[in-house]
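Participant: Residue numbers (my numbering), protein chains in the order written: chain V, 764 to 1146; chain U, 764 to 1146; chain E, 764 to 1146; chain Z, 764 to 1146.
Heads up, the beta-carbon is just placed ideally off N, CA and C, and yes, glycines get one too.
Structure (structure tokens):
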């Protein structure tokens, strides 16, 4: 629609180039260099180095002081590629298994049109962030002053999704990806030889009670329609069969889609573990950390219009279950309003290959659709 | 040894008479009347009516102010007799299924010899107590002034035991029958319709945690060699499938053989149920009652000597597991020193019929052995 | 829109008449008689007596064999009215606390217009069902042949909702009200006196383990985005403090919004309780009953159009959490496609009074809106 | 009584010599050499090397083929001595903190008298065993043919006990020290990312249920008077907060004083963990090992007589709680009858210093009492 066939071809090749040089979180130097070269080629201004390897580029037209930001991610994963494509990773044990090469490419393709052809009034920021995979690169960019240096009114993100049909957008108001909180509970008992159990407070016993009691949070304290996960994933106490240990540690995570549930869970984790440990003669130390916020779409109106200009109505899904995974785009959405959407990539007749698998490759034909969505979004917001 | 054949025959017949008129706890009026008639016949002084239907009789010789008490029990059980004996119960649904008719008889037989033949120096009290079966008749007699009216230095009890060989005594220092404590825990939650679980605090859930946590007392707080039982025997909460109730009650008993364990358990029952309930957002009310004390033999030396004068060494067992049942003789032993012994009743070749069974009947031949023991005991203590 | 002011006034008065004669489930004889009188007045054919006191009326126009059914409910609740209105219940302890008087009235008002004025092609069925409140009146009508006697292609339901603003419709595809399943688990242990715990299998202990283990279903077997409730609401075992009982019963309910979760839960309730009981030396008997199905809106397109013709876009909510309550309208939706919607009744500045409360009264001004929706629905479906 | 003052002085010095050269389990080479030198001095035959560093010596008199064995232990502990005695350990980090230097010495002292002075008829074996401290040296000697090479009818052991008054013997029939069994339960679930809990079977959850359910064994399956310990002392599962692991391991020990309880516990550990794991969708592998048998005194009659010849009646305790610790002497008692006794070492006015503490030193004055007991025992058995 907006891109010429030559441009489409160009950007597919560019994506293949990135695909061969995958880099792990905060080490995306080669990748960033390629992005900067493109921005130079397009005469687009940018700043490199926010969040270590992140890039912010911008195109300003007209005299409006309105602005939006479009975000792509740069990093790859510590996975050994087995996709079989010609342009496979040249770095052993690292691959673009999540399609960030594609996200980066489609944003550059959009940037070219926005810079060269699109009429609009305001500023468009193009964010190429590092470390989306568990590294909280978004947070790092914010801490490096993203929102201080640049006046960004709204921010938008997009991710490909191999489980949905090719060209289908998923968009919804509210929480679309869960927050993740981490807890560590150190249960403190009293050690003794196992022939003297009455001189011990067995922390493993207390831990077992707490593991079971944490289940009560789901059924007693949270609205049943509030999706959430409370998982204990690690437990460790004692060194040998006949010494009741002094301590036992449990560790786990909480995923939640609304803030009020998150607060309830946090306070209940403390209350339950404390109450039970004290009741059983021991004590606890609870570490509780908010790791990633909820990815909350606060305003989807412009994005929805842009999608409607991009694909047919039948390719728009607005009623779907949120994901219990987490996204560092949530840190951006804590600061400014915006919207995060998914773009289906599964072509009919082709096998579905999930993200983070060794066989995965980004679907090249999404580049045009994604770029078109970005361009339409700028039209909607800044015209 | 002390009794003539005629006397033995007389007392067997007397026992059969009592066996036909069994009376339940605190209603042993007919039985007491028969006992009083015998005491009258023997010219032994007595007082009737302590603990409603209890009798205290006494024989004093010499000028010593030393005194001992020997105790028998009067009451029968609400069990339908199927023993098949000629002199079976004439009262439907009530029977002497625990041999108290025998205990009473052997004490009267001893009283006759002690009154008529035995030389000793001091006072012997003969206690015929009501309501041994769950009615705490001993406690009732104490509350009616037993130890105020009568100066009793030591007290002795004896019970037949069908599981041990005929003529075998079991005697041991320390706790021989357990205390019994009762607890009721009312767990207070918050009621709500089951479609609104987050508005409820489910007391059944809390109760389940508490039931399991009470198990910790055994393994965490008590010396493993300290025999005890902590049992939840009743639970009740809720009225229908879709209303989470406000409250759930649990009820149970504790049996224990040493005071320090008893105190630990009592405090732990409170601590655990409170801690867990609070931790899970609810609360508890705990009722905890000492029902029967531990039956603690504080001095067995005279009793052991008396037994040695009564039976052969091979018929004396001093190393046996205490019983987890309770005895109201424990109330006497809380007040004065003494000793409670068992006397085996199972004759070789005869089927063992346990106490409290419909087929049970007291073994007549124990009358002589029991009476002999009582007489020997007076000889040991007061000569 | 469709009704004249006189008609509106007439139906308000009719609603007040019904309000004064509330009748409990399956006893709605007086109420049904009033409905029949109205149908007679309007010359509308009907059949009385399906599901004991239910009524099916019908209006046929044109030659199409297409048909839809519109449903109202007749029954009141065993609640003592304290609404303070002039036309309050004349039957002590019974009141229209759920607005069924209003539902019935608005359907009659719609029927008048549909009969007298509306041009359409097909058959409209008006269902006045008994026993919506826990009596499964819908099921009773089906069992009495509703779908055999009458060819009904689609069915529609509407309920007032005091928690939402006046005149606001809530409509959504899929599960909008939960199924309810009931389980009873009889835990079988072995009874013994509490002094002999080793001769018992304590079913209360097993029950406690099962109560806690049922919590695992939520976190281990169900997708976290699948809203559901698993509640134990009743537990009962034992009769006294010192007899460990033979059995302990637990009872509860399951609410679920998708069939696959329902099947998983059902099989897990069996598996978990069996496994744990056997592991602990006991056994279980599990009764598991599907009581109400999920209320699943299978096609909302016509209803949504009718709503759009009835109220402004801002008064339409399509993104809301489903209710964990149950509706017997679900039985109809198991048989034919259709849609169940809520109509907000809370006027600004007025205190919100929830359904099933003593102060509740149906909002008269909803009669016109509800009737308009029904009429628009017939226009959408049968024109 | 039997030893001269010079001999007593000699053996005290010998004990001090051993005390300075403590050696850990199975490395008692220097110690054994000293023992052999003494046996050579006394012209007593012996064999060295059973169980690596063990010694069996023997004295035969008369023509009876009756025989008894008396056992001492050789090994020291990995504890840094802080006793402050002149003859303290010369080996850093190793000390005789359990008095085995004294046990060895008193047996040699007895051997001298038995060899030189005592008249008896039969064979006396003197066993100096290695590795009593957790190394199961007794078992090693048996496996090296102790009972095959030597015809031993009965065996006797003695251990000093600082918690009891000096010169007091503790002797009792039956189990006096507990068996120890070890269990490892590998709980097998199914791993998944914590955002996908419904695709996991969380083994930590199952482990928690099992830890609590193992408590039921005590209260449901074992006679309350049967002392025992069931302790979980180690738990380990998972590696990080957001991956539900595949497996969780729990490990613990069981201590028990009677064989029937031991068998019940073993079968219940299997049954409970299997039942619960299966019920919750997982599985278990249970490793269960009998590590040390119960130390069961099968015949105490000769030992009791020997004690009565050694000390006053008031220094004999026959009614005491068994120890929940373990002893490898139990392996000997599995093969032949015998008796294990304790000898109190706490002198009035002296501070009690427990075994295995840095300040501990064997009480020299026990040498004569212990030797006297051994000599009296030979007199009782073989005269």
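#1: Could you give the C-beta distance for residue 990 of chain E and residue 1100 of chain V, rounded to a whole number, given that I count them as a contact under 8 Å?
#2: Among V:784, V:850 and V:863, which residue has its Cα nearest to the Cα of residue 1118 of chain V?
#3: Which whole-angstrom value describes the C-beta separation of residue 832 of chain E and residue 888 of chain E, a residue pair presumed to lie in contact below a C-beta threshold of 8 Å?
#4: Residue 883 of chain U and residue 1068 of chain U - do their beta-carbons sit closer together than 8 Å?
#5: Once DSSP output is grouped into helix, strand and coil, what is the label at residue 1150 of chain E?
#6: Can you tell me which residues form a DSSP beta bridge with residue 820 of chain E?
#7: Report the residue ranges of all alpha helix (DSSP H) runs contained in full by the stretch 948–1009 of chain U; include only those spanning at least 4 residues, in chain order.
#8: Taking all protein chains shown into account, decide if residue 946 of chain Z is buried (16 or more other Cβ within 10 angstroms of its Cβ) or exposed.
#9: For chain V, is any of its Cβ atoms less than 8 Å away from the one on residue 1003 of chain Z?
#10: Could you tell me whether any Cβ in chain V is nearer than 8 Å to the Cβ of residue 1085 of chain Z?
#11: Mind checking residue 1005 of chain U: buried by the 16 CB within 10 Å criterion, or exposed?
#12: What is the DSSP secondary structure of residue 1052 of chain E, reduced to helix, strand or coil?
#13: Determine the DSSP secondary structure at residue 830 of chain V, reduced to helix, strand or coil.
#14: Would you mind stating whether residue 1107 of chain V and residue 868 of chain V have Cβ atoms separated by less than 8 Å?
#15: Could you give the distance in angstroms between the alpha-carbon of residue 1122 of chain Z and the alpha-carbon of residue 961 of chain V?
#16: How many Å lie between residue 894 of chain Z and residue 1057 of chain Z at the Cα?
#17: Taking the alpha-carbon positions, what's the residue 1033 of chain V to residue 950 of chain Z distance?
#18: Using three-state DSSP, classify residue 1079 of chain V as helix, strand or coil.
#19: Could you list the residues in the stretch 986–999 of chain V with a C-beta less than 8 Å from some C-beta on chain Z, going in chain order?
#20: Residue 1088 of chain E touches chain U at which residues, Cβ-Cβ below 7 Å?
#21: Consult DSSP for residue 799 of chain U and reduce its assignment to one of helix, strand or coil.
#22: Across which residues does DSSP place residue 1015 of chain E in a beta bridge pair?
#23: Since residue 786 of chain V contacts residue 794 of chain V with CB under 8 Å, what's their CB separation in whole angstroms?
#24: Given a threshold of 16 other Cβ atoms within 10 Å of its Cβ, counted over all protein chains shown, does residue 1115 of chain Z qualify as buried or as exposed?
#25: If residue 1125 of chain Z sits next to residue 859 of chain Z, beta carbons under 8 Å apart, how far is it from one beta carbon to the other, in whole angstroms?
#26: Rounded C-beta distance between residue 1147 of chain Z and residue 837 of chain Z? I'm assuming under 8 Å.
#27: Residues of chain Z with CB closer than 7 Å to the CB of residue 1049 of chain V, please, in chain order.
#28: Can you tell me whether DSSP reads residue 1132 of chain E as helix, strand or coil?
#29: Is residue 1054 of chain U near residue 943 of chain U, with beta carbons less than 8 Å apart?
#30: Can you give me, in chain order, the residues of the stretch 1038–1067 of chain V that have a beta carbon less than 7 Å from any beta carbon in chain Z?
#31: Could you list which residues in chain E have their beta carbon closer than 7 Å to that of residue 975 of chain V, in chain order?
#32: Interface residues of chain E around residue 981 of chain V at Cβ under 7 Å?
#33: Of all Cβ atoms in chain Z, is any one closer than 8 Å to the Cβ of residue 968 of chain E?
#34: Looking at residue 911 of chain V and residue 830 of chain V, is the spacing between their C-beta atoms short of 8 Å?
#35: Residue 972 of chain Z touches chain E at which residues, Cβ-Cβ below 9 Å?
#36: If I measure Cβ to Cβ from residue 1096 of chain U and keep anything under 8 Å in the same chain, skipping five residues before and after, which residues do I get?
Facilitator: Based on what the coordinates show:
#1: Actually they do not touch by this definition, with Cβ atoms about 28 Å apart.
#2: V:863
#3: 4 Å
#4: no
#5: Only positions 764 to 1146 of chain E appear in this structure, which leaves residue 1150 of chain E out of reach.
#6: E:809 and E:889
#7: 966–979
#8: buried
#9: yes
#10: no
#11: buried
#12: strand
#13: strand
#14: no
#15: 25 Å
#16: 18 Å
#17: 28 Å
#18: strand
#19: 992, 994, 995, 996, 997, 998 and 999
#20: 958
#21: helix
#22: E:946 and E:995
#23: 5 Å
#24: exposed
#25: 7 Å
#26: No answer is possible for residue 1147 of chain Z: it lies beyond the span of chain Z, which begins at 764 and ends at 1146.
#27: Ordered by position in chain Z, no residue passes the 7 Å Cβ test against residue 1049 of chain V, which lies about 14 Å from the chain.
#28: helix
#29: yes
#30: none
#31: 975
#32: 981 and 982
#33: yes
#34: no
#35: 972, 975, 976, 979 and 1039
#36: 918, 1056, 1058, 1059, 1060, 1061 and 1103
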